[in-house]
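Convert by adding 17 to the 1-based position in the sequence shown; the result is the number in the numbering used here. From the three backbone atoms N, C-alpha and C, an ideal C-beta is built for every residue, glycine too.
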Amino acid sequence: MEPFPSNDRIQLPRNMIENSMFEEEPDVVDLAKEPCLHPLEPDEVEYEPRSSRLLVRGLAEHELDEDEEDYESSAKLLGMSFMNRSTGLRNSTTGYRQSSGGSCVAPSVRTTVICAVILVIAVSVIMAIYLLPKCTFTKEGCQKKKQAAEPVYPIATNGQPFPWANIRLPSAIMPVHYTIVLQPNLTSLVFSGSVQITVNVREVNWNIILHSSRLNITKATLTPLGSSQPKPVKFLEYPMNDQIAILAPEALLVGRNYTLNMEYYSNLSDTYYGFYKIAYNSSSERWLAATQFEPLAARSVFPCFDEPAFKATFQIKVKREPQHSALSNMPKIKTTPVTDGIVQDEFSVSLKMSTYLVAVIVGELANISKETNGILVSIYAVPHKLDQAEYALDTTVKLLEFYQEYFGIKYPLPKLDLVAIPDFQAGAMENWGLITFRETMLLHDNKTSSAIDKKKITAVIAHELAHQWFGNLVTMKWWNDLWLNEGFATFMEYFAMNEIFSDLCTNDDFLSLRFKTMEKDSLNASHPISLAVQSQKEIDEMFDTVSYGKGASLLLMLKNYLSKDVFRVGIQSYLNDHSYNTTRSDDLWDSMTKVTAGHVDVKKLMETWTHQKGFPLVTVTTKGKQIFLTQERFMHNAELENPVIHSSSLWDIPLSYTTSNGSSFFPHYSYLLANKSDNITLTDKVSWVKFNVESNGYYIVQYDDDGWKVLIQLLNEDPTALTSSDRANLIHNIFNLAGLGLVSMDRAFDLIGYLEKENNTAPITEALYQVNRIYNLVEKRGLQILAAKIVKKVENILGENIKKQTWTNKESLSEQELQSSLLTFACSHNLGNCSTTATMLFNEWMTSSGTKSLPTDVMKIIFTAGAKTEIGWHFLLKMYSSLVSETEKLKILEALASTDDVGNLIRLMQISLEGVHIRSQDLSHIIRTVSQTLPGHLVAWDFVKENWDQLIRKFHSGSFTIQNIVTSTTHQFSTEEHLREVKAFFESKSEETAQLRCVQEAIETIQLNIHWMNINLVNLEKLLL
18 MEPFPSNDRI
28 QLPRNMIENS
38 MFEEEPDVVD
48 LAKEPCLHPL
58 EPDEVEYEPR
68 SSRLLVRGLA
78 EHELDEDEED
88 YESSAKLLGM
98 SFMNRSTGLR
108 NSTTGYRQSS
118 GGSCVAPSVR
128 TTVICAVILV
138 IAVSVIMAIY
148 LLPKCTFTKE
158 GCQKKKQAAE
168 PVYPIATNGQ
178 PFPWANIRLP
188 SAIMPVHYTI
198 VLQPNLTSLV
208 FSGSVQITVN
218 VREVNWNIIL
228 HSSRLNITKA
238 TLTPLGSSQP
248 KPVKFLEYPM
258 NDQIAILAPE
268 ALLVGRNYTL
278 NMEYYSNLSD
288 TYYGFYKIAY
298 NSSSERWLAA
308 TQFEPLAARS
318 VFPCFDEPAF
328 KATFQIKVKR
338 EPQHSALSNM
348 PKIKTTPVTD
358 GIVQDEFSVS
368 LKMSTYLVAV
378 IVGELANISK
388 ETNGILVSIY
398 AVPHKLDQAE
408 YALDTTVKLL
418 EFYQEYFGIK
428 YPLPKLDLVA
438 IPDFQAGAME
448 NWGLITFRET
458 MLLHDNKTSS
468 AIDKKKITAV
478 IAHELAHQWF
488 GNLVTMKWWN
498 DLWLNEGFAT
508 FMEYFAMNEI
518 FSDLCTNDDF
528 LSLRFKTMEK
538 DSLNASHPIS
548 LAVQSQKEID
558 EMFDTVSYGK
568 GASLLLMLKN
578 YLSKDVFRVG
588 IQSYLNDHSY
598 NTTRSDDLWD
608 SMTKVTAGHV
618 DVKKLMETWT
628 HQKGFPLVTV
638 TTKGKQIFLT
648 QERFMHNAEL
658 ENPVIHSSSL
668 WDIPLSYTTS
678 NGSSFFPHYS
688 YLLANKSDNI
698 TLTDKVSWVK
708 FNVESNGYYI
718 VQYDDDGWKV
728 LIQLLNEDPT
738 ALTSSDRANL
748 IHNIFNLAGL
758 GLVSMDRAFD
768 LIGYLEKENN
778 TAPITEALYQ
788 VNRIYNLVEK
798 RGLQILAAKI
808 VKKVENILGE
818 NIKKQTWTNK
828 ESLSEQELQS
838 SLLTFACSHN
848 LGNCSTTATM
858 LFNEWMTSSG
868 TKSLPTDVMK
878 IIFTAGAKTE
888 IGWHFLLKMY
898 SSLVSETEKL
908 KILEALASTD
918 DVGNLIRLMQ
928 ISLEGVHIRS
938 QDLSHIIRTV
948 SQTLPGHLVA
958 WDFVKENWDQ
968 LIRKFHSGSF
978 TIQNIVTSTT
988 HQFSTEEHLR
998 EVKAFFESKS
1008 EETAQLRCVQ
1018 EAIETIQLNI
1028 HWMNINLVNL
1038 EKLLL
C-alpha cells in the first residue's frame, strides 16, 4: 500500500511552497528574485498532486476571469501571492495605457517610437520594483522586508479546499479515548468498522484533522460532551497526506470534549501492512487476519490521530464467526452474540498508548500459558504448531521477571501474549500486550532447531519485551528519534541475554552488529541517528541498521563511560519521569545528567554522536611515555584521492585503552578526547598499547607503523594477552584501513597469520568475513586464479582448525558457531573432504525420505551440499512443502538458494514472489542468498530489475525489505559498466526512487568497490604470488 504515490506529486522547489505547520502565515518569498534567501527546512516542504489546484482563502475558482486563468498555472509554481501581485500589476498597467493614450494626439513616427521606448523602459522599471516587494535600496542592494500571506491549501477529493496543508497533524485537537469495532470477513476478505473518538479541544477550531487511508467512510457524526443528539457532519478527504477533515457545524470550544463517530469499510490488505490476510495450511487452507501498524498503518484500519505523540486509551471490540478466536492488546472481558453466526468479543480499556501499538488478530489459534507475578503470559500459534511453543513461554517468563527488576517498574498490563504469525514481514512487532512474531523467531522444534536457532529466538523475544518499556511505556515523540525505541531495545536484548542466558550469549553477536553498523555508517549515504523526517518513505528508511545498531552501540559506550550502576539509575529515572508520555533524545540525556549530579554533561557528550552521521578515526602515535591522539571522521568516499575526510567533524570520544603494564586489578584506562588532537602521558614506558578495549567504543583506531608491528608481534607470541573481542577488533580495524590504502594489505594479512593459534569464534569469523569480501570482489570480476590464491592463503592459516571440526553437535554455543563458520567456508570452496562428507550425509537423509536425524548444528551445510545436484534440489523443494518445522524449512530455503543452477534460482525467486508455496516474507532472504554465488549475483540483480514494480507494491519502497534487496544484489559489483547500469535503472523508475537512501548506498558501495580494486588489486596479486 503506497499512500504517497510518486506520480501524484508536483516536485515544487522547496522555497516555493508555503508552510502551515504551525498555523501561522509564513513570509512570502518572491521567487522572481533571490530564490535562496529564505530557504525552508525539509520538514516544511509540501508537495501537491498535479490534479490539485492551489487556492487562497477568499479566492474561489469562479472568481477567475478568462485572462486570469493564464496566471493560475504560474501561481502553482510561484505561489499565490505572486499571482495576485501579477494580476494587480496587469490591471494597473492597462489603466496606464488608457490614460497615456489621451495625452498623445497625432504624434509623428519619431515621437511615437521615442514614446514607445520610454514607455517600455518605464513599465519595466515599475514592474521590477513592484515585483521586489517592499524593497529598501541600499549600497548592498535590495533589502526585503517580511510580508505575510494567506496560507495555500490543497484540494480535497470533492474539489473543495482542504483546510490543512501539512503532513503533520495540528495539535489543536487531541484524542482522549477510542472505541473501535472491527468485523473482518475471512471468506470475502473485507472488513467493516466503526470508531468513536473522544477528543479534547486545545484551541478554538472549526475542523478536526485526522488520518484515514483507503477507508470508505459511510457516516460521520459529532456530539458535544453532555449532549445526546449526534449531529451529522460533512468531511473532506485528502489522500495525498492520508488525511480527512471533519467540518464542525459550529465552533469547537477550548477545553470542551466532543465525541466523533464514524462508520466505514475496506478490504483486508494483500500487503504486510494494516489489517492483512494470511493464508496457511494445516489439513486444508485456512485464513487468518492480523494487524501490523508501525509506523503509519493504523490509519488504514480506523480513522485516527496516527502520530506517536497523540496517545490515548483504546477499547477494542471484534465481531467474528464462532469458530475463530480474537486477540487484542488487553484481556477479553466478555463475548456476546450479535446476529446468527456472529459473536462480539469486547476487550478491556487499554492504558494510554500510541496508535501504532494497537493490535488485533482473528483466526484459529491455540495457546499455552503460565502466570508470573499476577501476569498471564501466553504463546499463541496455529494449532498444529503449538508443540513448538514451550521454549518461548519459559524464555518470556524469565525475561519479563528480569526486566521488571532491572527497570524497577512492574509490567503494567494484566497479560502478555506472544503470537507466531504464519506470514509476517518483520521479525517481530512490539504491540503492547500482543507481540507478533515470524514463526521462525518464536517457535522452537527440539528435533530440528539448533542452539544457534535457540539463541536467535531468545534475542528476538528479549528485544520485543524491552520495547514494553522502551517504546510502549515511554515513546519517542516523532519518528526522527526512532533510535530511542529501537536502539534501546537492541541494547537491552544483548544486555539481558548476557545477564540471564549466559550459555547462549558470547558477546560475539553484539560485536558483529557493531562492525556491520560501522560499515554502513562509514558511507556518505548514512544518516545521523536523530534525523528530521516527514514522509512515509523517509520514516520507513529510519528502520535500518543505523537506528538499531548505532543506537545500541552508543548506549553501550555510554554505559561503560558512566558505569553500569549510574547508567541503570539513569534509565530508571528516564522511565519513571516519562511514563505514558513521549520524549525526545534530550529527555534521556537530561535524566542521565541528573543522576551524575551534574558531573557529566551527557547531552553535550552524546549530541556529538546523535546529530552527525559517521564515526571518528582515532590516530595513535606513541613516543616514549607520550601517546599523541588525533581524531577525524572515518569515511569511505571513492571520489576523493584521500578517502578519509579531514573535516570539521568532532566527537567527544570516551576512549579506553590497555597497555603491557595493565594488571587484573586495573585492566584498562579511560580518557575523554574532546578536541581535534591531544596527548596522554603514561606513568611508565610501555611496550604496546591497544585502544578501544573490548571494542566497546564506536570508533576505529589507526596506529603508527611501530604500533601495528608490536601488536602483530604480541598476537603471534601471546594472543591471550588481549581478549577475543580485542583481537577481533584489531582484525576489523586493519582490514578497513587497508581497504583505503592507509595500511598495507601485507600488514593486514600478517596480522591474521596468528589465527592458526586461535580457538575463539569472534576473531576467526571476523577474519573470514573480511577475506570473503575480498574474495567476492575478485571472483565476481572474473579473476578466478587470484580468487583461488586467496582461498589457499586462508587454508594455510586455518587448515588445521578446519580439520578438527566434526559433523556432530557441539556442547557449547561458541564451539557450534566456530564449527558452522569453518565448515561453511571449507565446503563452499571444496577444501579437504568437507563437500564429500556433507554430500554423503545428505544422500543418507534423502534415501530415508527425510526421516533420518541430522545434526542440527550442521544441517544447513548438509542441505546446501545436497542442493548442488538436480535430484537433491528437487527433493529439498518437495520436503519444504511437507515439513512442519519452520527452522528446518528456513535451512532448506537457504540451501535451495545456494545452487549453481540458474534456472532453479530463477524459479525459486519467482515462487517466493508469488507467495503461495513459499511465502513472500522470505523473498528478501532468498534474493540475498542467491546473490552470494557466482552465477547467482547477476541473476538476482536481473530478477530485481524485472520485478521492481511488483516488489514495491508488495513492500514499501523505503522498507527494510527493499533496503535489503537493493543493497544485497548490487554490493559485489566493481565495474564502471555495472555502476552506470545501476544508476540508469533506478533513475528510469522515478526521481524519488533514485533518491532512496538504499539506492544511494548501493551506488556509493559500487564506487568504493571500483576504488578498492584500483588501489589494492596489484598489491594483492604481489602478496599472493
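- By the Cβ rule, the region 629 to 637 counts as touching the region 717 to 737, because three or more pairs are nearer than 8 Å.
- Around the beta carbon of Pro320, 16 or more other beta carbons sit within 10 angstroms, so the residue counts as buried.
- DSSP, read as helix, strand or coil, puts Ile478 in helix.
- Closest option to Trp668, judged by alpha-carbon separation, among Ile807, Asn692 and Lys820: Asn692.
- Between the region 781 to 799 and the region 735 to 752 there are three or more inter-stretch CB-CB distances shorter than 8 Å, so the stretches are counted as touching.
- Under the three-state reduction of DSSP output, His891 falls in the helix class.
- In the three-state scheme derived from DSSP, where H, G and I count as helix and E and B as strand, Asp526 is classed as helix.
- Around Met279, the same chain offers Val212, Ile234, Ala237 and Pro320 as residues with beta carbons nearer than 6 Å, after the five sequence neighbours per side are excluded.
- In the three-state scheme derived from DSSP, where H, G and I count as helix and E and B as strand, Trp304 is classed as strand.
- When the alpha-carbon of Ser345 is set against those of Ser742, Val335 and Ala513, the nearest one is in Val335.
- Of Leu646, Val710 and Met652, the smallest CA-CA separation from Thr698 is found for Leu646.
- When DSSP states are grouped into helix, strand and coil, Ala262 belongs to the strand group.
- With a 10 Å radius around the Cβ and a threshold of 16 neighbouring Cβ atoms, His628 comes out exposed.
- Between Ala409 and Ile333, the CB-CB gap reaches or exceeds 9 Å.
- Rounded to the nearest whole angstrom, the CA to CA distance from Lys620 to Ser602 is 9 Å.
- Pairing Tyr771 with Ala779, the inter-Cα distance amounts to about 14 Å.
- Taking all protein chains shown into account, Lys820 has fewer than 16 neighbouring C-beta atoms within 10 Å of its C-beta and is therefore exposed.
- Within its own chain, the residues whose Cβ lies closer than 8 Å to the Cβ of Asp498, once the five positions on either side in sequence are excluded, are Ser547, Thr600, Arg601 and Ser602, listed in chain order.
- Counting along the chain, the unbroken alpha helix (DSSP H) around Arg744 starts and ends at Ser741 to Gly756.
- Taking one beta carbon from each stretch, the region 290 to 310 and the region 197 to 217 have 3 or more pairs nearer than 8 Å; the two touch.
- Runs of beta strand (DSSP E) with 3 or more residues, each lying fully within the region 676 to 701, are found at 686 to 690 and 694 to 698, listed in chain order.
- CA-CA distance, Leu417 to Val394, rounds to 9 Å.
- Contact check for His228 against Gln177 fails: the beta carbons are separated by 9 Å or more.
- According to the DSSP assignment, Ile385 belongs to the beta strand (DSSP E) that extends over Ala383 to Thr389.
- With a threshold of 16 other beta carbon atoms within 10 Å, Leu893 meets it and is buried.
- Each residue's CA atom was taken as its position, placing Met257 and Pro180 some 14 Å apart.
- DSSP places Asp582 in the uninterrupted alpha helix (DSSP H) bounded by Lys581 to His595.
- With respect to the 9 Å criterion, Tyr674 and Val710 are classified as neighbours on the basis of their beta carbons.
- Within the region 412 to 449, the beta strand (DSSP E) runs of at least 3 residues that lie entirely inside it are, in chain order, 432 to 438.
- Annotation: the continuous alpha helix (DSSP H) that includes Glu931 extends over Val919 to Glu931.
- In the DSSP annotation of this structure, the continuous segment of the alpha helix (DSSP H) that includes Val612 starts and ends at Ser602 to Val612.
- Within the DSSP bridge table, the entry for Arg455 names Ile438 as partners.
- Distance from Met493 to Glu311 at the Cβ level is roughly 12 Å; contact not present, criterion being Cβ atoms closer than 8 Å.
- Rounded to the nearest whole angstrom, the C-alpha separation of Thr413 and Phe560 is 25 Å.
- Inclusion of Asn598 and Leu794 in the CB contact set at 9 Å is not warranted, their separation being larger than that value.
- Within the same chain, and ignoring the five residues on either side of His995 in sequence, the residues whose Cβ sits closer than 8 Å to its Cβ are Thr987 and Ile1023.
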